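Novice: Heads up: the sequence shown runs through residues 46 to 356, numbered per our numbering. All residues carry an ideal CB built from backbone N, CA and C; glycine is no exception. Quick caveat: nothing in here was measured; it's all calculated off a predicted structure.
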Amino acid sequence: MSKLLSAIEKAETIAIGGHVRPDGDCIGSCMGLFRYIKKNYRDKQVCVYVEEIPDAFDYLKEEDAFCEKPSYDLFISLDCGDEERLGDAQKVMEKTPYVLNIDHHITNTKFGNETVVKEASSTCEILYGLMEEEKLDAGIASALYTGIIHDTGVFKHSNTTKETMEIAGKLIAFGIPFGKIIDDSFYRKTYKQLQIMGRCLMESVRIMDGRCLFSIVRQNVMKLYEAKPSDLDGIIDEMRTTEGVEVAILLDEREPGEFKVSMRSNEIVDVSVIARYFGGGGHVRAAGCAIKGSAFDVINNLTGHIEKQLG
Ligand code: AMP
Ligand code: MN
Ligand code: MN
46 MSKLLSAIEK
56 AETIAIGGHV
66 RPDGDCIGSC
76 MGLFRYIKKN
86 YRDKQVCVYV
96 EEIPDAFDYL
106 KEEDAFCEKP
116 SYDLFISLDC
126 GDEERLGDAQ
136 KVMEKTPYVL
146 NIDHHITNTK
156 FGNETVVKEA
166 SSTCEILYGL
176 MEEEKLDAGI
186 ASALYTGIIH
196 DTGVFKHSNT
206 TKETMEIAGK
216 LIAFGIPFGK
226 IIDDSFYRKT
236 YKQLQIMGRC
246 LMESVRIMDG
256 RCLFSIVRQN
266 VMKLYEAKPS
276 DLDGIIDEMR
286 TTEGVEVAIL
296 LDEREPGEFK
306 VSMRSNEIVD
316 VSVIARYFGG
326 GGHVRAAGCA
336 IKGSAFDVIN
346 NLTGHIEKQL
356 G
């Protein structure tokens, strides 16, 4: 029996937590596991702790998932590299006697009583391996499929393996509307998102002989469009696939003089090392962190590290 299933069996009340500003893999894994426990362990009580889920994932929302119990026997952390990134859920975790940490970030700090941290396209891919296939249904499969397509950029990032494709194949065999899931949750943009993306791309700046491309989203622009951080999803991928670019950087000004940094690389630079240096984390080809200072200083600091790696 997997570590996940034996932990579930021993618990009566279970909390599931994901990282702040949840993405497709975080939402897919949290809701996939919620649905799995609800379907197969009817006597267990389970609540999900994630921040507001963007409308693009409406098909994964469950009214009864966002409950609150006074205490839990088990806390399962999903897709989260360190305790702080759990946000408000961190407090819930700290009060819970047993913590299971399931994740695929190479920067994972291995917090918790038990961990399943390994290389995989997504946390959803790991979860699939920990569940019993005959106990899945179309709802669970839709959630796990969502996480896989989001973290692989629809099966094109370098984290996509033969196993990823095989698991995706098994998930679509449940009769899920996979084309609609991809369009609705990954490709569809609101007009607002389209405009911000256009603006970011237009204002992007090439440096280091075009090997690095950066863009800055200022707070006044976010306010003008009444945009949420998730409205910026997808922009950095357009930047990364620009000809000649090895590293794309998107700075999102969260507070005056404080930036959320997103980095993507193509072949050479390990951006997880750079993100970790600045207190963040992530993967070799996709990582993030928060840095204080002027945008100019932030870019200067980052390019110093990129240049070092490019030699
Ligand atoms: P993003 O650029 O926000 O899409 O993040 C890219 C990858 O890096 C994701 O796997 C995130 O979970 C991870 N990541 C982003 N920001 C941070 C951070 N501040 N600390 C740790 N990991 C991060
Ligand atoms: Mn994630
Ligand atoms: Mn993930």
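What would DSSP say about residue 338, mapped onto helix, strand or coil?
Specialist: Three-state DSSP puts residue 338 in coil, outside helix and strand.
Novice: Span of the alpha helix (DSSP H) holding residue 70?
Specialist: It spans 69-85 - the alpha helix (DSSP H) in which residue 70 sits, taken as one unbroken run.
Novice: If I measure Cβ to Cβ from residue 145 and keep anything under 8 Å in the same chain, skipping five residues before and after, which residues do I get?
Specialist: Hits under 8 Å: 48, 49, 52, 119, 120, 121, 122, 157, 158, 159, 160 and 161.
Novice: Return the CA-CA distance between residue 137 and residue 116, expressed in angstroms with no decimal places.
Specialist: Each residue's Cα considered, the two are about 8 Å apart.
Novice: Where residue 325 and residue 173 are concerned, what is the direct C-alpha to C-alpha distance, given to the nearest angstrom?
Specialist: Roughly 27 Å between the two C-alpha positions.
Novice: In whole angstroms, what is the alpha-carbon distance linking residue 87 and residue 212?
Specialist: Between residue 87 and residue 212, the C-alpha separation is close to 26 Å.
Novice: For ligand 3, is there a heavy atom less than 6 Å away from the beta-carbon of residue 154?
Specialist: No; taking the cut-off as 6 Å, the Cβ of residue 154 has no heavy atom of ligand 3 nearer than that.
Novice: Quick check: does the Cβ of residue 332 come within less than 6 Å of any heavy atom belonging to ligand 1?
Specialist: Yes; taking the cut-off as 6 Å, the Cβ of residue 332 has a heavy atom of ligand 1 nearer than that.
Novice: Suppose contacts are defined by Cβ-Cβ distances below 7 Å. Is residue 317 in contact with residue 61 by that definition?
Specialist: No. Outside cutoff.
Novice: I need the DSSP call for residue 120, collapsed to helix, strand or coil.
Specialist: Note: residue 120 maps to strand in three-state DSSP.
Novice: Going by C-alpha to C-alpha distance, which of 243, 183, 323 and 275 sits closest to residue 42?
Specialist: Because the chain spans 46 through 356 in this model, residue 42 falls outside it and cannot be assessed.
Novice: Specify the secondary structure class of residue 253 as computed by DSSP and reduced to three states.
Specialist: Three-state result, residue 253: helix.
Novice: Report whether the distance from the Cβ of residue 168 to the nearest heavy atom of ligand 4 is below 6 Å.
Specialist: This structure lacks ligand 4; its bound ligands are ligand 1, ligand 2 and ligand 3.
Novice: Please state the DSSP three-state secondary structure of residue 231.
Specialist: Note: residue 231 maps to helix in three-state DSSP.
Novice: Any chance the CB of residue 124 is under 6 Å from a heavy atom of ligand 3?
Specialist: The answer is yes for residue 124.
Novice: From the DSSP secondary-structure annotation, give me the bridge partner or partners of residue 146.
Specialist: In DSSP, residue 146 forms a bridge with 122 and 160.
Novice: For residue 128, which of helix, strand or coil comes out of DSSP?
Specialist: Here residue 128 sits in helix by DSSP.
Novice: With a floor of 3 residues, list each beta strand (DSSP E) that falls wholly inside the region 287-334, ordered by position along the chain.
Specialist: Complete beta strand (DSSP E) runs here, min 3: 292-300 and 303-310.
Novice: Count the other CB atoms within 10 Å of the CB of residue 327; is the residue buried (16 or more) or exposed (fewer)?
Specialist: Answer is buried; the Cβ neighbour count reaches 16.
Novice: Does the region 212-223 touch the region 285-304, meaning 3 or more C-beta pairs lie closer than 8 Å?
Specialist: Touching, no, given that fewer than three Cβ pairs across the two stretches are closer than 8 Å.
Novice: Per DSSP, which one or two residues make a beta bridge with residue 258?
Specialist: Answer by DSSP bridge pairing, in chain order: 251 and 293.
Novice: I need the DSSP call for residue 209, collapsed to helix, strand or coil.
Specialist: Residue 209 falls in the helix class under three-state DSSP.
Novice: Let's test the definition: count the other Cβ atoms within 10 Å of the Cβ of residue 112 and tell me whether it reaches 16, buried, or not, exposed.
Specialist: Per the 10 Å Cβ criterion, exposed.
Novice: Assuming residue 205 contacts residue 230 (C-beta within less than 8 Å), just tell me the rounded distance between them.
Specialist: Not confirmed; about 18 Å, so no contact.
Novice: If you count every other CB in all the chains shown that lies within 10 Å of the CB of residue 131, and 16 or more means buried, which is it?
Specialist: Looking at its Cβ environment, which holds 16 or more other Cβ atoms inside 10 Å, residue 131 is buried.
Novice: Any heavy atom of ligand 2 within a distance shorter than 6 Å of the CB on residue 71?
Specialist: Flag set: Cβ of residue 71 near ligand 2.
Novice: Hey, would you say the C-beta of residue 278 is under 6 Å away from at least one heavy atom of ligand 3?
Specialist: Result no, Cβ not under 6 Å from ligand 3.
Novice: Is residue 326 close to ligand 1? I mean its beta-carbon at under 6 Å from any heavy atom of the ligand.
Specialist: For ligand 1, at least one heavy atom lies less than 6 Å from the Cβ of residue 326.
Novice: Following a CB-centred definition, is residue 127 positioned closer than 6 Å to any heavy atom of ligand 3?
Specialist: No, the Cβ of residue 127 stays beyond 6 Å of every heavy atom of ligand 3.
Novice: From this set, 248, 308 and 247, which residue's C-alpha is nearest residue 332's C-alpha?
Specialist: The residue with the shortest Cα to Cα distance from residue 332 is 308.
Novice: Quick one: give me the first and last residue of the alpha helix (DSSP H) that residue 192 is part of.
Specialist: 183-196 is the extent of the alpha helix (DSSP H) around residue 192.
Novice: Examine ligand 2 and report whether any of its heavy atoms sits within less than 6 Å of the Cβ of residue 100.
Specialist: Not so, every heavy atom of ligand 2 lies at least 6 Å from the Cβ.
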